[in-house]
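Same order as they appear, the protein sequences are chains S and E.
UniProt numbering numbers the first residue of the first sequence as 1 and each following residue consecutively.
UniProt numbering numbers the first residue of the second sequence as 1 and each following residue consecutively.
Don't be surprised by glycine CBs; every beta carbon is placed ideally from N, CA and C.
Down below is the structure, laid out as structure tokens.
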Amino acid sequence: MTMTLTYAAMSARATFRNARFVLFTVALPLALYLLFNGLYGGRGDEAGITVGAYLMVSMAAYGGIGAAINAGARIAVERQTGWNRQLRLSALTPRGYMAAKSAVSLLVALPAILLVFLAGALVGHVRMPLHLWLGGGLAVWLSLIPFAVVGLVIGFVATVDSTQSLTVLVYMAMAVLGGLWIPVEQLSPFLQHLARAVPSYWTAQIARDVLAGVALPLRGIGVLLAWTVVLAALGAVAYRRSGRKA
Amino acid sequence: MPTRDRVAAVAAGPRGRAAAAAVELTGLHKNWGSVQAVRGVDVIIAPGEVVAVLGPNGAGKSTTIDMLLGLTAPDAGTVRLFGEAPGIAVREGRVGAMLQSGALLPDVTVRELVATFAALHRHPLPVAEALRRAGIADIAGQRTTKLSGGQAQRVRFALALVPDPELLVLDEPTVAMDVEVRRSFWSSMRELVADGRTVLFATHYLEEADDFADRVLVLAGGRVVADGTGAQIKAAVSGRTVSAVIPDVEGSRSSLSALPGVLRVEQVGPRVLLHCSDSDAALRALLAAEPRAHDIEVSAGDLEDAFLALTARTVADADAAHHLTADPASAPSTRSSR
């Protein structure tokens, strides 16, 4: 446990030191929020909350997902340097390694969520009590766990060259299918159906339900858990293979 | 070759002794696709031994070391370190390894890297001590991306020392070092092994193996082709060269390469060089075949010749076995002209 925490702390420090990477994780969701809010922000309510709040949650989820996936995908770089081979020669267990790396991905996703929420308060005229701010933020943040694991899997299986295209592909698919860019209600019935099996839909939906004061959707929590379990199993297999030369 | 008998004797030794071995590799095989990287390696290393694994590129050194450390699973065969599976021995901090390439994380300083690695062990050496022993205390504050090749190797060495291991495994440790750094590296190694650690290192250099190791394993074509002291290996792989001036040699070069004990024929100016696995036999045959040969010299060959000799011998053994089963009528081919 201590080893996992130590490794997470060190790895997080190294990631946050890369200022360009951190900037990249917050810039796009923030810009998109300002853009969408400017276009649609004035229109009444959506799913029981204001459009400003709806968009704020969508873009916080979008930014958080991107940051979490990209943070994990950086493992491909560490693998290429041979660091993973060295790590395999320590007492850190595969489970500890994955837990540490997932924690780092979640930490890296925080700035994007916080900044989009800040923009929601300052620009999007989102007004609500403190416990809803905290609850909504926490809901988005914790729902990112499957994406932290997606990033790890990409980091384990992709080469440094293929990482970029693979993360973009997964990221875009998640954003579109989960209704983060276009509300799911405006998609075709088939896509609406599909969205409910996609984790990114629930990342945003669970947070919206928190803001709207509705009971948490058990199905959504189940979908997020299922993705996490399956991906973690994949990740464990991929980690074992990562001792080979990259 | 008496050194081969030693392997057989040790490998067949009583079970009790094998359980205490620092390293026990049994029947290791590994293929990468269609490439047979390791083709049956059996090695037992007693605690406290300092062993060099010598071989050319592609001999299977790195694959063998990866399997030894548990980084790669063998296709067949077993690895035991101090009687345990490699993963367990590693987790207990009994094994430290210096890997061949990379291993240095970007965006951190040398001290942070070593400290992190130390935090991932149960009974690590103090970070300052690891830095001092590896001779990198002065560059501890530098980013890992700003190091020279030799400095990076020393940082890797520090990582190998961090677990305070009983078994130290070094995959071509001096590969990026200049002569001076290499010398000081080996002198600090001597200090380290004085307290009875087991050391296994891979190298291209026979001199390095001979200077530093008690025992040298020569790997070629994925097999151990020789096992003995540095002096024994040097003698076994002497791979001498016979050179002579032979009038009108042009027409007879192919017949020269067919002489017993000759691996390869080369012409340098007026001289013909015969690279030999058995220079005595080659010289006798040469004098019989070419009575006009003169200004004859016999010299000790370089390491390339030595590998050639050993590799040719294993290939010949394999070919002979193959021919016996496949086609008893055909004569076994006994030399390779590579």
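Residues of chain E whose Cβ lies closer than 8 Å to the Cβ of Ala197/S do not exist; the shortest such Cβ separation is about 35 Å. Look at Asp164/E: its C-beta is not under 8 Å from any C-beta on chain S. Contact holds between the region 195–213 of chain S and the region 163–179 of chain S, because three or more Cβ pairs, one in each stretch, are under 8 Å apart. In the DSSP assignment, Lys30/E forms a beta bridge with Val38/E.
If the five residues before and after Gln192/S are omitted, its C-beta is found closer than 6 Å to the C-beta atoms of Val184, all from its own chain and listed in chain order. Looking only at Gly66/S, Ser200/S and Ala121/S, the smallest Cα-Cα distance to Leu224/S is reached by Ser200/S. If only uninterrupted beta strand (DSSP E) runs of at least 3 residues are considered, those enclosed by the region 54–116 of chain E are 76–81 and 95–98. Taking CB atoms only, Leu286/E has no neighbour in chain S less than 8 Å away.
Under the 8 Å criterion on CB atoms, His275/E is classed as non-interfacial with respect to chain S. Taking all protein chains in view, the Cβ of Asp107/E is crowded by 16 or more other Cβ atoms within 10 Å, so the residue is classified as buried. Beta-bridge analysis with DSSP links Gly228/E to Val216/E.
When Cβ-Cβ separations below 8 Å define contact, Gln164/S makes no contact with chain E. In terms of Cβ geometry, Gly222/E and Gln100/E do not form a close pair [threshold 8 Å]. Under DSSP, Ser299/E forms a beta bridge with Thr241/E. In the same chain as Gly87/E, and ignoring 5 residues on each side of it, the C-beta atoms closer than 6 Å to its own belong to Gly70, in chain order. Chain E places a beta carbon closer than 8 Å to that of Gln86/S, counting this residue as a contact. Looking from the CA of His125/S, the closest CA among Leu5/S, Tyr54/S and Met1/S belongs to Tyr54/S. Beta-bridge analysis with DSSP links Leu274/E to Val242/E and Val265/E.
About 23 Å separates the CB atoms of Ala213/E and Val162/E; that is not less than 8 Å, and the two are not in contact. For Trp227/S, the number of other beta carbons within 10 angstroms of its own is at least 16, and it is reported as buried.
The C-beta distance from Ala73/S to Thr163/S rounds to 5 Å, short enough to meet the 8 Å contact threshold.
The beta carbon of Met56/S sits no closer than 8 Å to any beta carbon of chain E. Listed along the chain, the chain S residues whose CB falls inside 7 Å of the CB of Gly93/E are Ala91.
Counting C-beta pairs with one atom in each stretch, the region 147–159 of chain E and the region 168–188 of chain E have three or more that are closer than 8 Å, which means they touch.
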